[in-house]
Structure formats: structure tokens, C-alpha cells
Amino acid sequence: MTSSTTPGTGSGTSRPRGGLLSPAYATTTIGLFSLIVFAAFESMAVTTVMPTVARSLDGFDLYALAFAAPFASGVVGMVGAGMWTDRRGPLQPLLASLATFSFGLAVCGTAWGMEVFVLGRIVQGLGSGAMIVVAYVLVGLVYPARLQGAVFASFAAAWVLPALFGPGVAAFVAHALGWRWVFLGIVVLVAVAAALVTGTARSQPVPEQPGAASRSRLGWAVLAAAAVLALELLGSGTGATLAAAAGAFVLVVVGLRPLLPVGTLTGGRGLPSVIATRGLLAASFFCAEAYIVYVLQERWDLTPGQAGIALTCVGVVWATSSQASSRLGERVSDVAALRFGTTVVLVGVAGIAVLVWLRSGGAGVPAAVPVAAYVLASVGMGFAYPRTGVAMLAATTDEDRGFNSSALTVADSLGAALALSVSGIAYATAERAGHDPFPAVYALSVAIGVLGVLAAVRAAPAA
Numbered sequence: 041m042t043s044s045t046t047p048g049t050g051s052g053t054s055r056p057r058g059g060l061l062s063p064a065y066a067t068t069t070i071g072l073f074s075l076i077v078f079a080a081f082e083s084m085a086v087t088t089v090m091p092t093v094a095r096s097l098d099g100f101d102l103y104a105l106a107f108a109a110p111f112a113s114g115v116v117g118m119v120g121a122g123m124w125t126d127r128r129g130p131l132q133p134l135l136a137s138l139a140t141f142s143f144g145l146a147v148c149g150t151a152w153g154m155e156v157f158v159l160g161r162i163v164q165g166l167g168s169g170a171m172i173v174v175a176y177v178l179v180g181l182v183y184p185a186r187l188q189g190a191v192f193a194s195f196a197a198a199w200v201l202p203a204l205f206g207p208g209v210a211a212f213v214a215h216a217l218g219w220r221w222v223f224l225g226i227v228v229l230v231a232v233a234a235a236l237v238t239g240t241a242r243s244q245p246v247p248e249q250p251g252a253a254s255r256s257r258l259g260w261a262v263l264a265a266a267a268v269l270a271l272e273l274l275g276s277g278t279g280a281t282l283a284a285a286a287g288a289f290v291l292v293v294v295g296l297r298p299l300l301p302v303g304t305l306t307g308g309r310g311l312p313s314v315i316a317t318r319g320l321l322a323a324s325f326f327c328a329e330a331y332i333v334y335v336l337q338e339r340w341d342l343t344p345g346q347a348g349i350a351l352t353c354v355g356v357v358w359a360t361s362s363q364a365s366s367r368l369g370e371r372v373s374d375v376a377a378l379r380f381g382t383t384v385v386l387v388g389v390a391g392i393a394v395l396v397w398l399r400s401g402g403a404g405v406p407a408a409v410p411v412a413a414y415v416l417a418s419v420g421m422g423f424a425y426p427r428t429g430v431a432m433l434a435a436t437t438d439e440d441r442g443f444n445s446s447a448l449t450v451a452d453s454l455g456a457a458l459a460l461s462v463s464g465i466a467y468a469t470a471e472r473a474g475h476d477p478f479p480a481v482y483a484l485s486v487a488i489g490v491l492g493v494l495a496a497v498r499a500a501p502a503a
């Protein structure tokens, strides 16, 4: 990369001054913000309508896989985009990611069976994973260090409008036009955001000294993603099939190691534990989120629109918490923010687990109580999630910005995918044994949350 960039900060001495919406940054900020808005709307919409999709396509046996698929395939897109940007700059991977994401949405919207729908989710994940990495790289290239925290906080704020209107709009569209238009309608919106951010990507120089990137990393990413999906498919069986699932879990770990900084899987201090914290946060929270609408419909008899109110509250609170974390800035260190956030997430998901367990035993728990626990967990996510990006960039140089940005999002995506795959196994196992499957799912979310707190403790760099 150009020599004007200071290693470890991503900020150059020649960077223009001003805020996120100053003339120098306004178009880029709006473009990146818009991409996150539409990705957020898609996420909120899918969570709201997934029970409807599963009923329509008779595919409840693939419910967890439909959530895990884009997280898993996103790993391949992330690694590929990280390598691509380190060698060729951000423009080409940005265009490819947007086209792939849109094509995946089109496949989902026209699927005639749950298997095809899951295939569309895989393609969609490839595009969205690559798109997020390019966005992180652009933050490091375009904005000075003093604005990077605000940019990541704006990414969280980009969830506010989708959170306020996404679940309700998705439920309305699914009822009035059919669930397919929830996916097809987003394609046009993505093209609008692409037009805003492409110019910025085009203006970035091709690296003068491309980072060394082994093509084998892409192969490891494919292995890890395929193993996660195989784990969910095989884990619901018994005997030899269950043994094969255990083998798939080992392959996930084998494929994951080359994609992350050394020490990430063993709790190494500093950057490795920052990356691990991000993955465990995503795993715990999104495992809980994937089932929240489902459990509210099945155990509290809410409609999709009523259950979607929980997503609305979470989006607003997450964004508000992110803004608070950003405004506190250096008054609260990144490590302190991670420790506080992971603890609050653990308390929130543990509350959901206890309340779902009580409900399964016949207790008259109002639906508002588990929703409140879910919202509490989002406070922790909003406070800690953006800070993982800031902490990662602070430990990054020009030569490894793509790799570390990729590693952060790989941990995020694969952590969630792995948790969702294991949750599908827990759900099927509990149901086969004649037990309520929802407490098993939320117990898994709590266990992962404990690991997240332990990782955050080690996020401080070694002396």
C-alpha cells in the first residue's frame, strides 16, 4: 500500500480533515451505510419470515441449515476477498461481491424447494461475506484512525431503520405478496448502494507491495465451510452418521486454523483473543436470535409480526449501545468494552434460556420477559461488537490489513455458522428424545457466551 499510511492505524498524514459527512467522506459514508442497511434489512427479514418459508417449502428439517449456510459460505467469500484486496485493491472484489449477493437473493426468491432455497443462501453468503471484508478494508484505507470508531458505530446505526421497519415490512410483504418478494425486492436496492461506493473503491490505488497470500487459504476456507454444513446435516443422525459428524467438527477446526492469526483458537493474548471474542460473541448471540421468533411463535403463540417486534427493539438498542461505546472513545478502552459487552451478552442469553425452560415446564411467563432478556443481550453486542473492529485495525499494518479484516469476519461468520449447526443437532437430539428442543438450543448459547467472556479477558496485548 502507499507509504503515506501509518502502520497500525490506517490513517495517513495527507488525509483530509472533517467528519464522516464532510465533503471528503460523505459519498463513501453514505454508500457503506446503505450497503449495511440493505444487508441488515435482509437479515431482519429472513429471521422474521423463515418459519413461513419452512412451512411453505416443507423444510423444517433444514431450518437451522438455512441460517447456517450463508454464515458458512461467507467464510469463503471473506477469505477470497481478503486475498483479492491485498493484491489488487478493493474495486474488483467489491463488484464481484455485490453481483454474487444479488444472485443469491434471486435464487432464494424463486426457490421451488427448501434444498434450492438453502443453495441460494449459500450463494448469498459468498457475496455478503466478501462485501463485508471489502467494507472493512475501505474503512482502513479511506478514513483516519480518529474516524474509524465512528464508522463502525455507524454500521451499527445502519441497523436502526431495518430494525424499526424491517420485521413489520417483511411480515406485511410475506402476507400481501408472498415471502418470495422479501428476497427479490432487495436486489434493486443493493444496486443503488453500489453506485455510491464503487467510485471510492475505484479511486484506491493497487497495492505497490501486495501482501503474500497463499492460495491454500482459500482451500482451507472451502474445507471449513463444507465441514460446518456437513456437521449440521450429519449430526441429526445416529450411529455411524453421528461419528461422521464428529469427524466434520474436526475438519472445521483444521480448516479454520490457517485463516486466523496464530493463537486465536488457544486464547493467545492481544489480537488473537480479539478475533476469538468477535467469533464467540457472534456465535452466542446469533444462535439465540435464530430461534427467538420461532420460540415466540411456538411457545407463546405470537404471530410473525408480533414476534418481529423483538427484532425491532434489538436493532434500536444495539445501535444506541454502539453509539454510546463510540462516544466514550478512549475513556473506555477497547479491552474494557469487550469485557463489559461479553458479560452483558452472557447475562441476556442466560435469561432467555431460563425463561424458555420455565415456559416449557408450564410456567405462565409473559412473552415480554424473554424479549427483554434478548434486548439486554443486544446492549452487550452493541457495546463490544464495533470495538472488535477498532481493536483489530489498531493491531494491523498495511501488509496484513486484508488478512486481519478477513480473519475478524471469518471468526464472526464461522463462529455463528458452527453454533447454528450444533444448535440444529441439539434441537433434533432433544426432539428425538421427547424433550422440548428450545431449552437445549439456549443452553448451547449460554455455554458459548461463557467462552466469550473468557476470551475477552485475554484481549489485552501481552506486556
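Sequential numbering of the sequence shown, starting at 41, is according to my numbering.
Backbone N, C-alpha and C define an ideal beta-carbon position, used for all residues, glycine too.
Could you tell me the alpha carbon to alpha carbon distance between residue i and residue j, rounded to whole angstroms?
| i | j | result |
| --- | --- | --- |
| Val385 | Trp358 | 11 Å |
| Arg242 | Ala170 | 17 Å |
| Arg498 | Val375 | 9 Å |
| Leu368 | Leu204 | 25 Å |
| Leu291 | Phe111 | 17 Å |
| Glu338 | Asp126 | 47 Å |
| Arg161 | Pro426 | 25 Å |
| Gly206 | Ala408 | 20 Å |
| Leu72 | Ala424 | 20 Å |
| Thr306 | Leu494 | 11 Å |
| Ser446 | Gly402 | 45 Å |
| Gly50 | Ser463 | Legend: pLDDT at Gly50 = 40, less than 50; position of this residue unreliable, value from coordinates given subsequently. Their backbone Cα atoms lie some 38 Å apart in a straight line. |
| Ser142 | Gln164 | 7 Å |
| Gly149 | Ala94 | 13 Å |
| Thr67 | Arg371 | 30 Å |
| Pro47 | Thr69 | Because the pLDDT at Pro47 is just 30, under 50, the model does not fix this residue reliably, and the point stays unresolved. |
| Ala500 | Leu321 | 17 Å |
| Gly153 | Ser96 | 9 Å |
| Gly99 | Ser113 | 20 Å |
| Leu273 | Gly218 | 28 Å |
| Ala231 | Pro184 | 27 Å |
| Pro410 | Ala211 | 21 Å |
| Ser43 | Thr436 | Residue confidence is low: Ser43 scores 31 on pLDDT, short of 50, so the model does not pin down where it sits. Its coordinate-derived value is still stated next. If you take the alpha carbons of Ser43 and Thr436, they lie about 15 Å apart. |
| Trp340 | Pro406 | 8 Å |
| Pro298 | Ile172 | 20 Å |
| Ile488 | Ser62 | 41 Å |
| Gly348 | Ser418 | 15 Å |
| Tyr176 | Thr352 | 25 Å |
| Val481 | Gly474 | 15 Å |
| Leu263 | Phe195 | 30 Å |
| Thr238 | Gln132 | 10 Å |
Helix, strand or coil for residue i, going by three-state DSSP, please let me know.
| i | result |
| --- | --- |
| Pro130 | coil |
| Gln244 | coil |
| Gly345 | helix |
| Trp221 | helix |
| Gly308 | coil |
| Arg255 | coil |
| Val430 | helix |
| Tyr467 | helix |
| Ser62 | coil |
| Phe183 | Sequence check: residue 183 is Tyr here, not Phe. Coil, per DSSP. |
| Asp476 | coil |
| Arg12 | Within the shown structure, residues of the chain are numbered from 41 to 503, placing residue 12 beyond reach of any answer. |
| Leu300 | coil |
| Val93 | helix |
Nearest by alpha-carbon distance to residue i: which of the options is it?
| i | options | result |
| --- | --- | --- |
| Gly117 | Phe443, Ala495, Val493 and Ala500 | Phe443 |
| Gly429 | Thr383, Ser418 and Val450 | Val450 |
| Val396 | Pro477, Val356 and Ala210 | Pro477 |
| Gly420 | Ala190, Met123, Val462 and Thr317 | Thr317 |
| Gln244 | Ser194, Pro130, Ser113 and Arg441 | Pro130 |
| Phe325 | Gln346, Pro298, Ile465 and Gly355 | Gly355 |
| Ala234 | Leu75, Val486, Arg441 and Ala106 | Leu75 |
| Val333 | Leu378, Ser362, Ile392 and Pro312 | Ile392 |
| Ala496 | Ala190, Arg309 and Val179 | Arg309 |
| Ala483 | Ala459, Gly474 and Thr360 | Ala459 |
| Gly167 | Leu135, Val191, Phe195 and Val156 | Leu135 |
| Gly363 | Val147, Ala190 and Arg399 | Residue identity check: residue 363 is Gln in the sequence provided, not Gly. Comparing Cα-Cα distances from Gln363 to each of Val147, Ala190 and Arg399, the minimum goes to Ala190. |
| His215 | Ala151, Leu311 and Pro344 | Pro344 |
Please report the Cβ distance between residue i and residue j, rounded to the nearest whole angstrom; I am assuming they are in contact, meaning their Cβ atoms lie under 8 Å.
| i | j | result |
| --- | --- | --- |
| Gly381 | Ala413 | Contact flag wrong, Cβ pair sits at about 16 Å. |
| Val222 | Ala108 | Not quite, the Cβ-Cβ distance comes to about 19 Å (not below 8 Å), so this is no contact. |
| Thr87 | Glu329 | 7 Å |
| Val314 | Ala431 | 5 Å |
| Phe78 | Leu229 | 5 Å |
| Ala323 | Gly208 | Not quite, the Cβ-Cβ distance comes to about 28 Å (not below 8 Å), so this is no contact. |
| Ser365 | Ala193 | 7 Å |
| Leu102 | Val158 | 6 Å |
| Arg257 | Val119 | 6 Å |
Any heavy atom of the ligand PLP within a distance shorter than 7 Å of the CB on residue i?
| i | result |
| --- | --- |
| Gly206 | Among the components of this structure there are no ligands whatsoever, and the ligand PLP is therefore not found. |
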